[in-house]
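Numbering (the UniProt record's numbering), first residue to last: 1 to 314. In what follows, a structure is listed as structure tokens, so that the remarks can point back to it.
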């Protein structure tokens with residue numbers, strides 16, 4: 001078989017992840033330590049435990065194989081970097097990322113445990129980091145009258161308990177979770193809404209990425225200053241919205257084909273402003289329709305509390 005080559009990982013992308021510095025350090029240290037432990041364990045298995053290495057693999061569990069994984073729960077509103085965190089960790093630790101959602105596993109209580117265990121075995125054999133995105137459906141509160149829901153949650157709980165790898169779960173509805181999951185999850189990180197400074201950093205990351213990868217385009221200085229203006233910041237865009245707006249701006253710039261003296265395509269303020277107007281109109285429409293914004297609706301429904309321990313601007 002031809003055409004295969006070694007995977008190339010960009011370990012630096014973790015540096016561009018916009019999140020609390022202490023939380024980032026915690027994730028970095030824990031994941032690096034866990035990966036080192038896995039490498040040591042594999043070496044010992046290959047040598048049939050003849051070699052004794054410096055880092056012992058100790059478990060607090062009295063039952064062998066139980067609770068030997070490293071499970072993260074990342075919760076917060078959409079677009080604040082939860083899924084991207086798992087991708088950054090995979091790149092930083094030079095591990096493949098196996099990303100799943102409910103479509104990959106289904107919601108049949110009778111098969112969920114077997115399906116999860118199959119994915120878990122694959123992730124372990126590949127040395128992969130496993131991501132289950134939007135895991136809400138498997139973790140909701142159990143109710144006496146809903147046996148199917150109870151069996152689904154119980155199957156997911158059991159599979160988690162015996163998983164021997166690194167797993168990231170993401171959700172924007174942590175308020176719906178069954179409390180039994182608390183003891184199965186090692187690290188629970190809250191991602192607050194972006195501050196204005198966070199959004200500036202996200203914009204700058206995209207600007208830097210474009211200019212380092214495409215030597216035929218340039219960001220005008222007026223564009224850089226515009227994304228920090230009140231007109232843009234008042235929309236309180238998340239990371240996904242910023243990415244989409246920038247993609248549209250790049251496409252508009254390419255179509256317009258306006259160039260500087262060096263022949264570089266210019267990304268202008270107006271290319272972003274067109275998306276700003278559209279986004280503002282849509283957000284205003286939804287707020288008039290529901291009489292609340294997204295943060296207020298999430299709190300009213302008990303899905304999450306975006307205002308906890310955070311500020312929307314700095």
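Backbone N, C-alpha and C define an ideal beta-carbon position, used for all residues, glycine too.
Going straight from the alpha carbon of residue 8 to that of residue 146, what length do you get? 47 Å
Using the three-state DSSP reduction, which class does residue 155 fall into: helix, strand or coil? helix
Enumerate in chain order the residues of its own chain whose CB-to-CB distance from residue 135 is below 7 Å, with the five nearest sequence positions on each side excluded. 169, 170 and 171
DSSP-derived helix/strand/coil call for residue 8: coil
Would residue 192 be called buried (16 or more neighbouring beta carbons within 10 Å of its own) or exposed? buried
What residue ranges within the UniProt domain "AAA+ ATPase" (68-193) form continuous alpha helix (DSSP H) runs of no fewer than 4 residues, ordered along the chain? 82-92, 102-105, 112-126, 136-139 and 147-161
Could you have a look at residue 304 and say whether DSSP puts it in helix, strand or coil? coil
Any 3 or more C-beta pairs closer than 8 Å across the region 88-103 and the region 119-133: yes
Looking only at its own chain, which residues have a Cβ that is under 6 Å from the Cβ of residue 14, when we skip the five neighbours before and after it? 88 and 92
Would you list the residues sitting across from residue 259 in a DSSP beta bridge? 265
Going by beta carbon distance, what residues of the same chain come within less than 8 Å of residue 24, once the five residues before and after it are set aside? 14 and 17
Where residue 217 falls: helix, strand or coil (DSSP): strand
Mapping DSSP to helix, strand and coil, what is residue 238? coil
What residues in its chain sit with their C-beta under 8 Å from that of residue 261, if we drop five residues either side in the sequence? none
When you compare the CB positions of residue 166 and residue 69, do they come within less than 8 Å of one another, or not? yes
With distances taken from CA atoms, which of 113, 95 and 96 is nearest residue 102? 113
Which residue wins for smallest C-alpha separation from residue 198, given the options 237, 180, 35 and 109? 237
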